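Undergrad: Chains A and B supply the protein sequences, listed in that same order. If you're matching positions, the first sequence starts at 1 in my numbering and goes up one per residue. If you're matching positions, the second sequence starts at 1 in my numbering and goes up one per residue. Where is the CB? At the ideal position from N, CA and C, for every residue including glycine. These numbers were taken from a predicted model, which means no experiment stands behind them.
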Amino acid sequence: MTRSLQTTARRLAACVALSAAFTAVIVTPGSADPTHRIVGYGGVLPLPVAHGTSAAAPTSIRGDRALAQRRDARGEHGRVLYASGRAPGAATDTTSPRHTPCPAQRVAELRLRASMAPNS
Amino acid sequence: MPRIRTAAVATILFVPVVAGGFLLQRQPRSSGAVLLTQVMSLVSSQYVDTLPSTAIYEKAASGLVKDLDDPYSELLSPTASEEFDRQTNGRYGGTGMLIGEDSPGVVAVERVFPNTPADAAGVREGDHIVSVDKHATEALPLGKVSDLLRGEPGSRVTVTYTRAGVPEPITLQFVRRVVHVPAVAYTAVFGNHIGYIPLQTFNENTAEEVDAAVAALEREGAKGLVLDMRDNGGGIVEQALETSSLFLHEGQEIVSVRSRNQPTEVERATGKHLALDIPLVVLVNGGSASATEIVAGALQDHDRALVIGTNTFGKGLVQSLYQLDGGYHLKMTTGKWYTPSGRSIHRPRKLLPNGDFVVVPPDSSSTDSVARPAYRSDAGRVVYGGGGIHPDVVVADDTLSTTERGFLRAIAPQGQAINTVLQDYALELQHQVARDFAPPAAWTTELMRRLSAAKITIDPKYYAEAREFLTRDLVSRVARLAFGDAAAKTRRLGDDRQLETAISLLEHSATQAQLLAEAPVPAR
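This is how it looks when you write it as structure tokens:
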């Protein structure tokens with residue numbers, strides 16, 4: 001029994017090492033190709049990496065995109081239960097504020113400028 | 001046991017394979033959001049000109065609202081929000097003038113409002129503003145000049161004017177004060193005790209001012225009222241509700257608003273009701289829009305007012321104003337409103353780049369010959385839906401004769417010079433008249449002499465029209481300067497057929513029922 005456990009432990013260690021190596025091999029090619037280029041009108045322009053980081057892109061855009069992608073991934077794999085209307089793909093999921101603000105005022109106007117009113 | 005071991009080994013091998021598969025999967029996208037971020041990223045990094053990131057976000061947001069193709073939805077910039085707020089608030093910090101452009105680059109004082117810094121400093125209507133705080137006005141758009149003159153109450157602004165007949169420019173320093181924008185600029189009593197309330201906007205003061213005006217006119221013995229909402233472009237919905245309530249009984253429906261994802265909201269008369277029995281005429285025209293149409297529609301449906309004039313604009317939509325971060329506001333159409341009888345008076349339009357609205361064809365209500373849906377008022381009168389509030393009594397706007405139009409076209413290039421002569425002469429005459437003054441013939445003679453001295457030429461074929469037209473203008477100016485707007489309006493009553501019709505019908509009606517009976521059968 002003891003020998004059997006030792007054998008199992010050895011095999012387990014070997015498998016973990018093999019799995020880690022296998023995973024590393026699989027993951028490595030996942031990054032986008034930063035040298036990818038397209039030919040545009042007037043010359044050759046580098047195409048910014050759509051998923052990766054773009055130095056010129058505002059930080060908040062990158063942040064929003066990364067968050068949206070992660071959320072979409074979770075949603076598509078069925079690991080998140082979304083409230084009605086909050087599921088990825090709904091118009092409000094990534095761009096609208098979490099709470100719909102209340103209107104400050106209701107107006108019904110074509111123009112507010114009165115003809116006999118001071119303006120200065 | 002071997003089977004357990006085999007299973008454990010298989011599991012240990014399987015987990016990383018699955019995990020790797022997850023990691024290898026292409027990142028899923030929410031296509032709309034990714035499209036937006038990709039475009040914004042490319043514009044930000046690759047567009048030929050550099051754009052600040054805030055500008056990119058604003059353009060994206062503004063473009064979205066514009067692309068709704070709704071002429072009434074708008075993303076207001078912080079500056080536009082301030083202007084909107086100023087207009088709806090009915091007060092701002094400033095000098096108390098109405099300024100306009102006499103001609104391109106020439107900023108003229110059109111009005112000086114009483115009890116304001118401009119009034120106290122002696123600014124005169126017709127003065128030309130040449131600089132504000134050392135900024136020459138010649139190169140500035142009118143709105144910018146207004147912006148320079150407005151500011152925090154208590155702050156100072158230095159203004160340089162030129163005045164006809166004064167060789168040197170006049171420089172004045174003002175301390176800005178809170179300036180009140182009147183919804184009801186004045187009231188008047190015409191004919192046989194007919195009270196007149198010109199209501200020009202629905203700002204925060206409107207219901208209060210209409211309330212005060214009605215009360216004052218009733219104290220003066222008014223037996224009928226004219227609520228003049230011609231060219232009133234609307235404003236705050238709550239003010240329209242309060243104003244309607246003044247003339248309706250508690251609980252009567254004013255308007256119902258249907259919005260997306262919300263039950264229909266029915267707004268009813270509540271609060272103060274002070275003019276329930278006095279016969280009432282509402283004047284409207286093509287410039288009467290939105291909140292104005294809510295009031296006119298409610299009073300027409302409940303037979304509380306006889307509506308006189310021409311068809312109204314036809315804006316049956318409500319916008320909600322959302323406060324956003326950074327001083328922005330989103331004004332967005334969120335509902336469609338219906339009068340108490342159930343009519344929508346909306347007429348679809350598009351907004352052209354030059355700011356003009358055009359009706360979207362086909363428009364079933366653009367001509368009187370096309371059938372409009374008919375509804376019934378409380379008393380069973382026929383009222384019409386479709387485009388705009390259709391008046392119970394149609395009276396066309398006053399139009400100039402062919403000769404008058406020809407004369408005005410002929411003198412247009414000399415308009416500023418003529419205006420200066422008229423204003424200067426009126427300023428002299430204002431101290432020489434009694435309230436019921438009749439203009440002596442000598443005024444006309446002297447006016448024509450002054451025009452000639454100012455090298456203003458008038459085509460001989462229009463000379464007779466010029467004498468009559470310009471004398472009427474002079475008399476109106478003198479009356480306004482000496483006795484205020486009501487006196488001037490009284491003097492020009494003959495030029496206003498719609499108001500004359502209203503007064504005439506009210507003078508023959510002791511009750512609202514009689515007034516409605518007096519009205520001819522509505523034309524379609």
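(1) Residue 183 (chain B) and residue 485 (chain B) look like a contact to me (Cβ under 8 Å); what is the Cβ gap, rounded to whole Å?
(2) Tell me which residues share the same chain as residue 420 (chain B) and place their Cβ nearer than 7 Å to its Cβ, disregarding the 5 neighbours each side in the sequence.
(3) Just confirm the distance between the C-beta atoms of residue 389 (chain B) and residue 300 (chain B), as a whole number of angstroms; I'd bet it's less than 8 Å.
(4) Could you check which residue in B:413, B:196 and B:408 has the C-alpha nearest to that of residue 279 (chain B)?
(5) Quick one: does residue 366 (chain B) have its CB under 7 Å from some CB of chain A?
(6) Nearest by alpha-carbon distance to residue 149 (chain B): which of B:177, B:407 and B:38 is it?
(7) Quick one: list the residues of chain A neighbouring residue 182 (chain B), beta-carbon separation under 7 Å, in chain order.
(8) Starting from residue 350 (chain B) and walking both ways along the beta strand (DSSP E), at which residues does that stretch end?
(9) Taking the runs of the alpha helix (DSSP H) that are 4 residues or longer, which of them lie wholly in the segment 284-348 of chain B?
(10) What are the boundary residues of the beta strand (DSSP E) that residue 495 (chain B) is part of?
(11) Are the beta-carbon atoms belonging to residue 497 (chain B) and residue 488 (chain B) less than 7 Å from one another?
(12) What separation, rounded to the nearest whole angstrom, lies between the Cα atoms of residue 31 (chain A) and residue 36 (chain B)?
(13) Are the C-beta of residue 298 (chain B) and some C-beta of chain A separated by less than 7 Å?
(14) If residue 254 (chain B) and residue 340 (chain B) are in contact, beta carbons under 8 Å, what's the gap, nearest whole angstrom?
(15) Using a 10 Å radius around the Cβ and a threshold of 16 neighbouring Cβ atoms, would you call residue 49 (chain B) buried or exposed?
(16) Nearest CA to the CA of residue 156 (chain B): which residue from B:170, B:213 and B:94?
(17) Does the beta carbon of residue 113 (chain B) come closer than 7 Å to any beta carbon on chain A?
(18) Relative to the C-alpha of residue 207 (chain B), which residue among B:235, B:332 and B:194 is closest?
(19) With a threshold of 7 Å between beta-carbons, can residue 322 (chain B) be considered close to chain A, or not?
(20) Below 7 Å between beta carbons: does that hold for residue 109 (chain B) and residue 130 (chain B)?
(21) Which residues mark the beginning and the end of the alpha helix (DSSP H) in which residue 176 (chain B) is found?
(22) For residue 197 (chain B), which of helix, strand or coil comes out of DSSP?
(23) Can you check whether the C-beta of residue 524 (chain B) is within less than 7 Å of a C-beta belonging to chain A?
(24) Going by DSSP in three states, residue 105 (chain A) sits in which element: helix, strand or coil?
(25) Please tell me whether residue 128 (chain B) and residue 171 (chain B) are closer than 7 Å, where the distance is taken between their beta carbons.
(26) Given a cut-off of 7 Å on the beta-carbon distance, is the pair residue 118 (chain A) and residue 408 (chain B) in contact?
TA: This is what the structure gives:
(1) So it is not a contact: roughly 14 Å between Cβ atoms.
(2) These residues qualify, in order along the chain: 126 and 164.
(3) A Cβ-Cβ distance of about 7 Å is found for the pair residue 389 (chain B) and residue 300 (chain B), placing them in contact under the 8 Å criterion.
(4) Looking at the Cα atoms, B:196 is the closest of the given residues.
(5) Below a pLDDT of 50, predicted positions are generally treated as unreliable, and residue 366 (chain B), at 48, falls in that range; the measurement from the model is reported next regardless. Output row for residue 366 (chain B): interface = no.
(6) Of the candidates B:177, B:407 and B:38, the residue whose Cα lies closest to the Cα of residue 149 (chain B) is B:177.
(7) Within 7 Å Cβ-Cβ: 117.
(8) That run of the beta strand (DSSP E) goes 349-351.
(9) Scanning the segment 284-348 of chain B from its first residue to its last, the whole alpha helix (DSSP H) runs of 4-plus residues come out as 291-301.
(10) No beta strand (DSSP E) holds residue 495 (chain B); DSSP gives it neither H nor E.
(11) Pairing residue 497 (chain B) with residue 488 (chain B) gives a Cβ-Cβ distance that is not under 7 Å.
(12) With a pLDDT of only 41 at residue 31 (chain A), under 50, the local geometry of the prediction cannot be trusted, and the value read off the model is given with reservation. Straight-line spacing of the CA atoms in residue 31 (chain A) and residue 36 (chain B) works out to 22 Å.
(13) No - not a single Cβ of chain A is within 7 Å of the one on residue 298 (chain B).
(14) Between residue 340 (chain B) and residue 254 (chain B) the Cβ distance is about 7 Å, and since that is below 8 Å, they are a contact.
(15) By the 10 Å Cβ count, residue 49 (chain B) comes out exposed.
(16) Ranking the options by Cα distance to residue 156 (chain B), first place goes to B:94.
(17) With its beta carbon less than 7 Å from one in chain A, residue 113 (chain B) belongs to the interface.
(18) It is B:235 whose Cα lies nearest to the Cα of residue 207 (chain B).
(19) Taking 7 Å as the threshold, the shortest C-beta distance from residue 322 (chain B) to chain A falls below it.
(20) Result no, Cβ atoms of residue 109 (chain B) and residue 130 (chain B) do not sit closer than 7 Å.
(21) No alpha helix (DSSP H) holds residue 176 (chain B); DSSP gives it neither H nor E.
(22) DSSP places residue 197 (chain B) within a strand segment (E or B) once states are collapsed to three.
(23) Reliability fails at residue 524 (chain B), whose pLDDT of 47 lies under 50, so the model's placement of it is uncertain and no value is given.
(24) Look at residue 105 (chain A) here: in three-state DSSP terms it is strand.
(25) No, Cβ-Cβ distance for residue 128 (chain B) and residue 171 (chain B) is not below 7 Å.
(26) Contact: no.
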